[in-house]
Amino acid sequence: MMLISSIPSIGELNTEGDRVLVARGGQGGSYHSEFLPSKGQTRQIRLDLKLIADLGLVGFPNAGKSSLLTALSHAKPQIASYAFTTLRPEIGKVMYEDHKQISVADLPGLIEGAHMNRGMGHQFLKHVERTRQLLFVVDVCGFQLASKTPFRSAFEAVQLLIKELELYKEDLPCKPAVLVVNKMDLPDAEDKLTELQEQLLNPHEFSHLLPDDMVPKNNMVFRHVVPISAATGFGIAHLKTCIRQSLDKDASMATESLHCDRLQALRGAVPAKNTLTWGPTASV
35 MMLISSIPSI
45 GELNTEGDRV
55 LVARGGQGGS
65 YHSEFLPSKG
75 QTRQIRLDLK
85 LIADLGLVGF
95 PNAGKSSLLT
105 ALSHAKPQIA
115 SYAFTTLRPE
125 IGKVMYEDHK
135 QISVADLPGL
145 IEGAHMNRGM
155 GHQFLKHVER
165 TRQLLFVVDV
175 CGFQLASKTP
185 FRSAFEAVQL
195 LIKELELYKE
205 DLPCKPAVLV
215 VNKMDLPDAE
225 DKLTELQEQL
235 LNPHEFSHLL
245 PDDMVPKNNM
255 VFRHVVPISA
265 ATGFGIAHLK
275 TCIRQSLDKD
285 ASMATESLHC
295 DRLQALRGAV
305 PAKNTLTWGP
315 TASV
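Going by this note's numbering, the first residue of the sequence shown is number 35, and it counts up by one from there.
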């Protein structure tokens with residue numbers, strides 16, 4: 035949760051017990067002030083809740099994020115064939131045989147211009163900041179929000195999603211990410227998937243498909259590209275394995291880094307041994 039006024043941010047409350055000074059109270063009455071207390075600060079603030087989850091689903095409307103969350107977990111988000119079915123975040127838990135649980139946040143779909151708060155832009159993007167990793171979800175056959183908006187292929191959708199995150203906060207695309215290619219049960223899905231994989235290998239060769247101002251500065255390297263069908267269940271088991279591997283990799287790296295830091299601290303705390311310097315041997 036963030037405590038914010040107009041500008042700047044006052045502070046953040048991320049763990050139980052965190053404290054932030056919002057306003058200072060006045061001095062109590064005393065002999066010098068004729069026992070009249072001084073006025074304290076008055077401030078209007080807005081509390082901004084940011085969800086914390088292991089994974090955040092990133093995608094355009096109707097990419098199948100809610101269906102994917104249902105397939106991965108026991109969550110029951112609203113699912114329909116029209117855009118913006120998800121109007122508020124939904125959290126699901128992915129369960130593993132060893133009782134490991136991973137939280138997944140289904141967030142409202144992005145549209146082009148979300149970084150400028152179009153659609154539900156900032157309401158969505160603020161939650162992405164707190165997720166450990168990102169799960170991009172795209173329709174293998176492409177996406178078109180409305181008849182008056184341009185059709186976007188799966189590759190274009192990926193690039194536009196990266197750019198929207200980049201424009202909102204430059205370091206967001208640096209988060210570890212897995213790409214989920216949904217709706218593999220549709221006709222010609224295999225051909226579309228092959229085309230997407232080729233484009234992802236050489237994204238700069240296909241940058242002409244997008245307006246210059248919507249080409250990402252840096253392309254993301256996805257840890258896994260997983261074709262699935264949330265409707266039929268195809269690929270879901272493999273996706274769960276990839277998600278677990280990706281999160282375990284980060285956990286292992288964090289543990290190793292912590293051990294190195296502690297070892298370095300211990301080395302710094304050990305006093306240097308005294309060394310004796312012997313002078314030349316005296317001759318008798």
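For every residue, glycine included, the Cβ atom is placed at its ideal position computed from N, Cα and C.
Keep in mind that this is a model prediction, so the values were computed, not measured.
Since I believe residue j is in contact with residue i (beta carbons under 8 Å), could you give me their beta-carbon distance rounded to a whole number of angstroms?
i: Ser280; j: Arg257; result: 5 Å
i: Arg106; j: Val128; result: Inspection of the sequence shows that residue 106 is occupied by Leu rather than by Arg. 5 Å between Cβ atoms; contact.
i: Gln75; j: Arg53; result: Not confirmed; about 16 Å, so no contact.
i: Lys209; j: Leu168; result: 5 Å
i: Ile136; j: Asp88; result: 5 Å
Short check: CB of residue i to CB of residue j, under 8 Å?
i: Val174; j: Asn216; result: yes
i: Pro142; j: Gln193; result: no
i: Gly90; j: Ala139; result: yes
i: Tyr130; j: Arg301; result: no
i: Ile196; j: Met254; result: yes
i: Ala264; j: Ser101; result: yes
i: Phe189; j: Leu235; result: no
i: Leu55; j: Gly63; result: no
What residues in its chain sit with their C-beta under 6 Å from that of residue i, if we drop five residues either side in the sequence?
i: Pro261; result: Val215, Met218, Leu227 and Gly269
i: Met154; result: Its pLDDT being 46, under 50, Met154 is placed unreliably by the model, and nothing is read from it.
i: Tyr116; result: Only weak support is given to the placement of Tyr116: the predicted model assigns it a pLDDT of 37, under 50, and the value that follows is read from those uncertain coordinates. Same-chain partners within the cutoff: there are none.
i: Ser39; result: Note that Ser39 scores 42 on pLDDT, short of 50, meaning its location in the model is unreliable; the coordinates nonetheless yield the value given after this. Within the same chain, Ser39 has close Cβ partners Ile79.
i: Lys99; result: Leu91, Gly93, Asp140 and Val171
i: Leu273; result: Val260 and Ile262
i: Leu243; result: Glu190
i: Leu213; result: Phe170, Phe256 and Val259
Where residue i and residue j are concerned, what is the direct C-alpha to C-alpha distance, given to the nearest angstrom?
i: Glu68; j: Gln78; result: 30 Å
i: Ile113; j: Gly267; result: With a pLDDT of only 41 at Ile113, under 50, the local geometry of the prediction cannot be trusted, and the value read off the model is given with reservation. So the alpha carbons of these two residues sit roughly 16 Å apart.
i: Asn48; j: Ile86; result: 9 Å
i: Glu232; j: Phe185; result: 20 Å
i: Pro319; j: Ser187; result: Beyond the ends of the chain as shown, which are 35 and 318, falls residue 319; an answer cannot be given.
i: Lys283; j: Cys276; result: 11 Å
i: Val171; j: Glu124; result: 16 Å
i: Pro95; j: Leu179; result: 7 Å
i: His26; j: Arg166; result: This structure leaves residue 26 out entirely; the chain is present only between 35 and 318.
i: Ala66; j: Gly51; result: Here the sequence assigns His to residue 66, which means Ala is not the residue at that position. His66 and Gly51: Cα-Cα distance of roughly 37 Å.
i: Asp247; j: Leu103; result: 32 Å
i: Asn252; j: Tyr202; result: 14 Å
i: Ala97; j: Thr289; result: 35 Å
i: Lys240; j: Lys182; result: For the sequence presented, residue 240 should be read as Phe rather than Lys. C-alpha separation (whole angstroms): 24 Å.
i: Lys134; j: Gln298; result: 31 Å
i: Leu321; j: Ser291; result: Limits of the chain in this structure are 35 at one end and 318 at the other, which puts residue 321 out of reach.
i: Met229; j: Pro207; result: The sequence as given places Glu at residue 229; Met does not occur at that position. Their backbone Cα atoms lie some 23 Å apart in a straight line.
i: His108; j: Asp132; result: 17 Å
i: Arg319; j: Ala271; result: The question about residue 319 has no answer here: the residues shown for the chain are numbered 35 through 318.
Beta-carbon within less than 8 Å of residue i's beta-carbon, same chain only, minus the 5 sequence neighbours each way: which residues are those?
i: Ser72; result: Gly60 and Gln61
i: Glu224; result: Met218
Compute every distance between the C-beta of residue i and the non-hydrogen atoms of the ligand COA, then say whether any falls below 7 Å.
i: Val162; result: With respect to the ligand COA, the structure shown offers nothing to examine, as it has no ligands at all.
| message | Please give the ranges of any beta strand (DSSP E) in the region 235 to 316, keeping only runs that are unbroken, at least 3 residues long and fully inside the region. | response | You should have 258 to 261.
| request: Counting only runs of 3+ residues fully inside the region 200 to 241, write out the beta strand (DSSP E) ranges in chain order. | output: If you keep only unbroken beta strand (DSSP E) runs of at least 3 residues inside the region 200 to 241, you get 211 to 216.
| query | Taking the runs of the beta strand (DSSP E) that are 3 residues or longer, which of them lie wholly in the region 37 to 61? | reply | Counting only unbroken stretches of 3 or more residues, the beta strand (DSSP E) elements lying wholly within the region 37 to 61 are 43 to 46, in sequence order.
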